[in-house]
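A.B. asks: Submitted below is the structure of interest, expressed as structure tokens.
Number of protein chains: 2
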Amino acid sequence: MPAKTALDPARLTVAVERLFSLLRHGNPPNDISLTAASTLRRLEREGPHRLTELAAAEGVTQPAMTQLVQRLEREGLADRAADSTDGRVVLVRVTPAGQELLTRRRAVRAEHLAALLVELSDDDEALIAAALPALERLAK
Amino acid sequence: MPAKTALDPARLTVAVERLFSLLRHGNPPNDISLTAASTLRRLEREGPHRLTELAAAEGVTQPAMTQLVQRLEREGLADRAADSTDGRVVLVRVTPAGQELLTRRRAVRAEHLAALLVELSDDDEALIAAALPALERLAK
DNA sequence: TATTGTTATACTCTATAACTATA
DNA sequence: TATAGTTATAGAGTATAACAATA
Numbered sequence: 001m002p003a004k005t006a007l008d009p010a011r012l013t014v015a016v017e018r019l020f021s022l023l024r025h026g027n028p029p030n031d032i033s034l035t036a037a038s039t040l041r042r043l044e045r046e047g048p049h050r051l052t053e054l055a056a057a058e059g060v061t062q063p064a065m066t067q068l069v070q071r072l073e074r075e076g077l078a079d080r081a082a083d084s085t086d087g088r089v090v091l092v093r094v095t096p097a098g099q100e101l102l103t104r105r106r107a108v109r110a111e112h113l114a115a116l117l118v119e120l121s122d123d124d125e126a127l128i129a130a131a132l133p134a135l136e137r138l139a140k
Numbered sequence: 141m142p143a144k145t146a147l148d149p150a151r152l153t154v155a156v157e158r159l160f161s162l163l164r165h166g167n168p169p170n171d172i173s174l175t176a177a178s179t180l181r182r183l184e185r186e187g188p189h190r191l192t193e194l195a196a197a198e199g200v201t202q203p204a205m206t207q208l209v210q211r212l213e214r215e216g217l218a219d220r221a222a223d224s225t226d227g228r229v230v231l232v233r234v235t236p237a238g239q240e241l242l243t244r245r246r247a248v249r250a251e252h253l254a255a256l257l258v259e260l261s262d263d264d265e266a267l268i269a270a271a272l273p274a275l276e277r278l279a280k
């Protein structure tokens with residue numbers, strides 16, 4: 001049990017970039033974007049949001065979120081509702097089709113990552129499993 | 141030391157996506173793309189490559205790599221050389237400016253990640269440090 | 001006036017299809 | 001013909017600036 005192990009941020013950064021790239025390239029051909037997936041997950045997890053809230057939460061501009069929601073709407077993954085108390089506000093919601101896509105996407109990615117994991121030693125897998133909660137806290 | 145800890149691929153996938161997103165949003169405004177960075181790193185690590193090799197290694201199409209190299213060239217981060225034995229071949233190389241950019245980028249990201257790490261407990265940091273080599277092997 | 005959201009415009013990044021040049 | 005690479009075209013995804021509607 002190491003008391004104070006040095007963690008090299010540059011190495012972790014590169015590892016995260018490479019892992020993400022690997023995961024992305026194992027995607028189904030028509031996978032949605034990172035922001036689209038993150039937005040749908042948020043809507044699933046936390047319920048309907050205003051457009052402005054979504055843009056801030058996802059770290060994109062308001063126009064970018066307008067367009068993202070338009071794409072999600074066009075694909076039937078999200079829809080909009082009016083706010084009864086403020087005529088300016090748009091409430092974005094995930095649709096059942098959007099929820100199904102998230103479920104399917106999780107299954108595909110799990111499968112892909114599982115395929116990568118079989119090439120890893122049990123020890124390595126155990127180390128990653130042990131660090132996963134810490135990584136989740138780091139990712140906030 | 142757990143003998144057989146279950147590692148949930150879906151959780152790891154989401155953690156990687158969120159970490160990547162976090163790292164990306166902490167970037168300097170004019171950061172190069174994931175593929176551009178990965179390509180430059182490869183050229184720095186392994187020396188000059190053909191365009192086709194780069195495209196295959198980075199998991200993008202040949203036209204996409206043509207355009208990426210054109211952008212890198214325009215920004216002075218890479219250049220092209222002819223192959224003396226095959227007139228069709230283009231050899232792509234990282235320039236000194238490209239190497240400097242990689243160095244600077246590593247420093248910036250390290251700083252950003254370090255800022256995130258101060259909010260993490262020493263135990264969590266140690267767990268991640270312990271898992272880092274395994275993550276690097278997973279990312280191949 | 002301030003807030004919420006959209007429209008206009010431009011650039012990066014990617015893909016597929018069609019093409020050119022060399023082997 | 002096959003291989004290496006480019007050009008043409010289209011769409012996603014992002015940004016900033018200007019605008020419209022509501023509060």
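Heads up: the sequence lines are chains A and B, in that order. In this text, residue positions in the first sequence follow our numbering: the first is 1, and each later residue adds one. In this text, residue positions in the second sequence follow our numbering: the first is 141, and each later residue adds one. The C-beta atom is built at its ideal place from N, Cα and C for all residues, glycine as well. On a predicted model such as this, the values are computed, not experimentally measured, just so you know.
1) How far does the beta strand (DSSP E) with residue 108 (chain A) in it reach, from first residue to last?
2) Have a look at residue 108 (chain A) and residue 101 (chain A) and give me their C-alpha separation to the nearest angstrom.
3) I believe residue 92 (chain A) touches residue 82 (chain A) by the beta-carbon criterion, under 8 Å. Please report the beta-carbon distance rounded to the nearest angstrom.
4) Roughly how many angstroms separate the alpha carbons of residue 176 (chain B) and residue 51 (chain A), rounded to a whole number?
5) For residue 76 (chain A), which of A:115, A:96, A:87 has the nearest alpha-carbon?
6) Residues in the stretch 2-29 of chain A with C-beta within 7 Å of chain B's C-beta atoms, listed in sequence order?
7) Buried or exposed: residue 17 (chain A), going by 16 or more other Cβ atoms within 10 Å of its Cβ?
8) Do you know how far the Cα of residue 227 (chain B) is from the Cα of residue 12 (chain A)?
9) Between residue 19 (chain A) and residue 275 (chain B), which are expected to be in contact by the criterion C-beta below 8 Å, what is the C-beta distance as a whole number of angstroms?
10) Given this structure, state the Cα-to-Cα distance separating residue 129 (chain A) from residue 180 (chain B), to the nearest angstrom.
11) Identify, in the order they occur along the chain, each residue of the same chain with its Cβ nearer than 8 Å to the Cβ of residue 277 (chain B), setting aside the five sequence neighbours on each side.
12) For the alpha helix (DSSP H) that contains residue 264 (chain B), what are its first and last residues?
13) Tell me the rounded alpha-carbon separation between residue 10 (chain A) and residue 250 (chain B).
14) With burial defined as no fewer than 16 other Cβ atoms inside 10 Å of the residue's Cβ, what is the status of residue 142 (chain B): buried or exposed?
15) My output table needs one value for residue 57 (chain A): the three-state DSSP class, helix, strand or coil.
16) Given a cut-off of 8 Å on the beta-carbon distance, is the pair residue 271 (chain B) and residue 22 (chain A) in contact?
17) In chain B, which residues lie less than 9 Å from residue 34 (chain A) when you measure between Cβ atoms?
18) Closer than 9 Å between beta carbons: that is the criterion. Which residues of the stretch 67-91 of chain A meet it against chain B?
19) Between the beta-carbon of residue 112 (chain A) and the beta-carbon of residue 47 (chain A), is there less than 8 Å?
20) Determine which residues of the stretch 180-197 of chain B have a Cβ less than 7 Å from any Cβ of chain A, and write them out in chain order.
21) Using CA atoms only, rank isn't needed, just tell me which of A:99, A:121, A:120 is closest to residue 44 (chain A).
22) Which chain A residues are close to residue 240 (chain B), counting only those with a beta carbon under 7 Å from its beta carbon?
23) If the cut is a Cβ gap below 9 Å, which residues of chain A does residue 244 (chain B) touch?
24) Beta carbons nearer than 9 Å to chain B: which residues of the stretch 116-138 of chain A have them?
25) Taking buried to mean at least 16 other C-beta atoms within 10 Å of its own C-beta, is residue 245 (chain B) buried or exposed?
C.D. replies: Short version:
1) DSSP places residue 108 (chain A) outside any beta strand (DSSP E); the residue lies instead in the alpha helix (DSSP H), whose first and last residues are 96-117.
2) Approximately 10 Å, taken between the alpha carbons.
3) The pair is not a contact, with the Cβ atoms about 11 Å apart (cut-off 8 Å).
4) Each residue's Cα considered, the two are about 31 Å apart.
5) For residue 76 (chain A), the nearest C-alpha among the options comes from A:96.
6) Answer in chain order: 2, 4, 5, 6, 7, 9, 10, 11, 12, 13, 15, 16, 17, 18, 19, 20, 21, 22, 23, 25.
7) Its Cβ being crowded by 16 or more others within 10 Å, residue 17 (chain A) is buried.
8) Computed Cα separation, rounded: 40 Å.
9) The pair is a contact, with the Cβ atoms about 7 Å apart (cut-off 8 Å).
10) For residue 129 (chain A) and residue 180 (chain B), the distance between alpha carbons rounds to 31 Å.
11) There are no such residues.
12) Counting along the chain, the alpha helix (DSSP H) containing residue 264 (chain B) begins and ends at 262-278.
13) The alpha-carbon atoms of residue 10 (chain A) and residue 250 (chain B) are separated by roughly 5 Å.
14) Here residue 142 (chain B) scores only 47 on pLDDT, less than 50, and its place in the model should not be relied on; the value that follows carries that caveat. Its Cβ having fewer than 16 others within 10 Å, residue 142 (chain B) is exposed.
15) Helix at residue 57 (chain A).
16) Not in contact: residue 271 (chain B) and residue 22 (chain A) (Cβ atoms no closer than 8 Å).
17) The contact set of residue 34 (chain A) on chain B, defined by CB atoms closer than 9 Å, consists of 157, 160, 161, 164 in chain order.
18) Along the stretch 67-91 of chain A, none of the residues has a CB nearer than 9 Å to a CB of chain B.
19) No, Cβ-Cβ distance for residue 112 (chain A) and residue 47 (chain A) is not below 8 Å.
20) Residues of the stretch 180-197 of chain B whose Cβ lies closer than 7 Å to any Cβ of chain A: none.
21) The option with the nearest alpha carbon to residue 44 (chain A) is A:99.
22) Correct list: empty, because the minimum Cβ distance to chain A is about 15 Å.
23) Result: empty, since nearest Cβ-Cβ is about 12 Å, beyond 9 Å.
24) So the close ones are 116, 117, 119, 120, 121, 122, 123, 124, 125, 126, 127, 128, 129, 130, 131, 132, 133, 134, 135, 136, 137, 138.
25) It is buried - the Cβ of residue 245 (chain B) has at least 16 other Cβ atoms within 10 Å.
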